[in-house]
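A.B. asks:
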Amino acid sequence: MSTSSSPNFDYDLVCIGSGPAGQRAAVQAAKLGEKAAVIEKRQVVGGACLGTGTIPSKTFREAVLAFSHGQSYLHEKELAQSRRPTANQLLSRVHEVIRMEGMVLEDQLSRNDVAMIRGDASFLDPHTLHIVTDREEKCITSDKILIAVGTVPTPPPGVPTDGTMVLNSDGIMMLDHLPKTMAVVGAGVIGIEYASMFADLGVEVTVVDKRHRPLEFLDNEIVDELIHQMRNKNVLFRLTETVAHLEISSGARKRAILQLESGKRLVSDVVLYSVGRLGATEALNLKAVGLEADGRGRLQVNDQFQTSVPHIFAAGDVIGYPSLAATSSEQGRLAACYAFHVPVDLIDDHFPIGIYSIPEISMVGKTEQDLTQSKVPYETGIARYREIARGAIMGDNTGFFKMLFHRDTHCLLGVHAIGTGATELIHVGQAVMGIEDGLGYFLKTVFNYPTLAECYKVAALDAYNKLQH
């Protein structure tokens, strides 16, 4: 039964954006008996997560691994014709997954009687949205509104992306051929993921970043291992460097020329700019409702995902950290519950982070540098894939796994992994942290053999032995 107090609106909840936050919020509202709708400007439901971000990049990664590890979605005849895949071969799988996942999301919305509205939305007043499509314009009203528009890539300064030589992360999915050389400007999550993928294909990659270290929020030891493995694939890191100027050469074979502030000069077939993302709020006409985004296009919300206008909520990447698809989905669900006064528990602080580089990385909890800075006494437990039978079976002898325990209470404080299956492996540690257990749990628990989960046992025994001294 609907809990809406006003019958004068077209909808009880309208979500602007059909990504993880908007889609989940609309379904949750529908399950509470509310009349819900989702507005999406793209042809495919799922927002940037499905159209250009999470799903395409991770599918692209799997296609790269299929070629580089000799397991392919393609027929053997196609493999025999070329050791180096074409862009079309890699991206064909991406487009197929986008199509299938889009159908799944459309079906979920339809089964829950969520109205799907196509077009660009903007505010006319606090309860009215103006929607524009190629064919028509219309207005709808809603009691509650959720802004879940996500983000767009920060544009490169001075030179527009052309989809051929100068790309942002969205443009990767439109490549018509694989370059021989690539410069990646920005060593954040997206930049490192794509740099490692193209390096795995044999592309000569140079990473440029103004920071001393990439992925500074990760455990230093894990990042060191990632850099080591990427350098083994001929990735060149130009850290503490900034691009001063970018130009495209003339002549028959055009090249991108990057002039660094240090005076160094890089020449590359393709430049990928990955220097952050901006909240996609510019076209929403926020001033009509008395809202204002920050300099990065993001919106501020309280702990119930309300903006300064109480009936307008925001969730997902548009509110900033942690900007993860999984947390965005849960934020959307919680926002819908708060909007209709349904009591819920807060998101657990122990949310996992996954970096889908090659090799992949995952973590939950604190890093060693966090604990050192906070002066928390801790001990480490280490396991290496080369010591785990499953690692040998998979052919991964470089994987590395680490747990951090409080020296006095033995509570689990953090789990860090780099290697095959790291993003799946991390959830065991996440669960143990959630129940506030620690070393004792792993010492008394039997894990399947041979599995990567054995890393927990090996690392726990390593920590136990250290603590005895």
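Taking my numbering, the leading residue of the sequence shown gets 1194, the next gets one more, and so forth.
C-beta: ideal position from N, C-alpha, C; glycine also.
1. Roughly how many whole angstroms lie between the Cα atoms of Ala1437 and Ile1450?
2. Which residues mark the beginning and the end of the beta strand (DSSP E) in which Thr1573 is found?
3. Among the residues of its own chain, which have a CB less than 6 angstroms from the CB of Ala1576, if the five just before and after it don't count?
4. According to the neighbour-count rule (16 or more other Cβ atoms, all chains shown, within 10 Å of its Cβ), is Ala1476 buried or exposed?
5. Is it the case that the segment 1603-1611 contacts the segment 1552-1559, given that we only count it when at least three CB pairs across the two stretches are under 8 angstroms?
6. I'd like the span of the beta strand (DSSP E) that includes Glu1561, first residue to last.
7. Asn1361 by DSSP, collapsed to three states: which one?
8. Given Phe1640, which residues of its chain have a CB within under 6 angstroms of its CB, disregarding the five upstream and five downstream residues?
9. Which of the three DSSP states is assigned to Ile1291 in this structure?
10. Taking 8 angstroms as the threshold (C-beta atoms), are Leu1618 and Lys1559 in contact?
11. Kindly list the residues whose CB is nearer than 6 angstroms to the CB of His1504, restricted to its own chain and excluding five residues on each side of it in sequence; keep chain order.
12. Tell me whether Pro1213 sits in a helix, a strand or coil according to DSSP, three-state version.
13. Taking the alpha carbon of Thr1565 as the reference point, which residue from Phe1544, Leu1539 and Phe1598 has its own alpha carbon closest?
14. Taking all protein chains shown into account, do 16 or more other C-beta atoms lie within 10 angstroms of the C-beta of Arg1600, making it buried, or fewer, making it exposed?
15. Rounded to whole angstroms, what is the Cα-Cα separation between Phe1253 and Leu1283?
16. According to DSSP, Thr1344 sits in a beta bridge with which residue or residues?
17. Check this for me: beta carbons of Gly1135 and Val1345, under 8 angstroms apart or not?
18. Give me the Cα-Cα distance between Gln1264 and Asp1589, rounded to the nearest whole angstrom.
19. Count the other CB atoms, across all protein chains shown, that sit within 10 Å of the CB of Gln1661; report buried if there are 16 or more and exposed otherwise.
20. If we call anything under 8 angstroms between Cβ atoms a contact, is Ile1324 one with Lys1331?
21. Give the single residue among Ser1250, Asp1318 and Leu1322 whose Cα lies nearest to the Cα of Val1290.
22. From Ser1285 to Asn1478, what does the alpha carbon distance come to, in whole angstroms?
23. According to DSSP, is Thr1435 part of a helix, a strand, or is it coil?
24. On a CA-only basis, which of Val1569, Lys1568, Ile1586 and Ile1546 is nearest His1620? Give me that one, please.
25. Contact defined as beta carbons within less than 8 angstroms: I believe Ile1512 pairs with Val1382. What is the distance between those atoms, to the nearest angstrom?
C.D. replies: This is what the structure holds:
1. One Cα belongs to Ala1437, the other to Ile1450, and the distance between them is close to 11 angstroms.
2. Thr1573: member of the beta strand (DSSP E) spanning Tyr1571 to Arg1577, first to last residue.
3. Result list for Ala1576: Phe1594, Cys1648, Val1651 and Ala1652, in chain order.
4. Classification of Ala1476: exposed, given that the 10 Å Cβ count is below 16.
5. Under the three-pair Cβ rule at 8 angstroms, the segment 1552-1559 counts as touching the segment 1603-1611.
6. In the DSSP assignment, Glu1561 falls outside any beta strand (DSSP E) and lies within the alpha helix (DSSP H) extending over Glu1561 to Ser1567.
7. Reduced to three states, the DSSP call for Asn1361 is strand.
8. Answer for Phe1640: Ala1646, Glu1647 and Lys1650, listed in chain order.
9. Here Ile1291 sits in helix by DSSP.
10. Remark: C-beta atoms of Lys1559 and Leu1618 do not approach each other more closely than 8 angstroms.
11. Counting only Cβ-Cβ distances below 6 angstroms, and skipping sequence neighbours, we find Lys1337.
12. Helix.
13. Nearest option by C-alpha distance: Phe1598.
14. With fewer than 16 Cβ atoms within 10 Å of its Cβ, Arg1600 is classed as exposed.
15. If you take the alpha carbons of Phe1253 and Leu1283, they lie about 6 angstroms apart.
16. DSSP lists Gly1472 as the bridge partner or partners of Thr1344.
17. Outside the displayed span of the chain (1194 to 1662) sits residue 1135, for which this structure offers no information.
18. Here the model assigns Gln1264 a pLDDT of 43, short of 50, so the residue's position is not dependable, and the following value carries that caveat. Distance from the CA atom of Gln1264 to the CA atom of Asp1589, rounded to whole angstroms, is 15 angstroms.
19. Label assigned to Gln1661: exposed.
20. Contact: yes.
21. The residue among Ser1250, Asp1318 and Leu1322 with its C-alpha nearest the C-alpha of Val1290 is Ser1250.
22. In a straight line, the C-alpha of Ser1285 is about 37 angstroms away from that of Asn1478.
23. Judged by DSSP in its simplified three-state form, Thr1435 adopts coil rather than helix or strand.
24. Scanning Val1569, Lys1568, Ile1586 and Ile1546 for the CA closest to the CA of His1620 turns up Ile1546.
25. Rounded, the Cβ-Cβ distance is 18 angstroms, inconsistent with contact.
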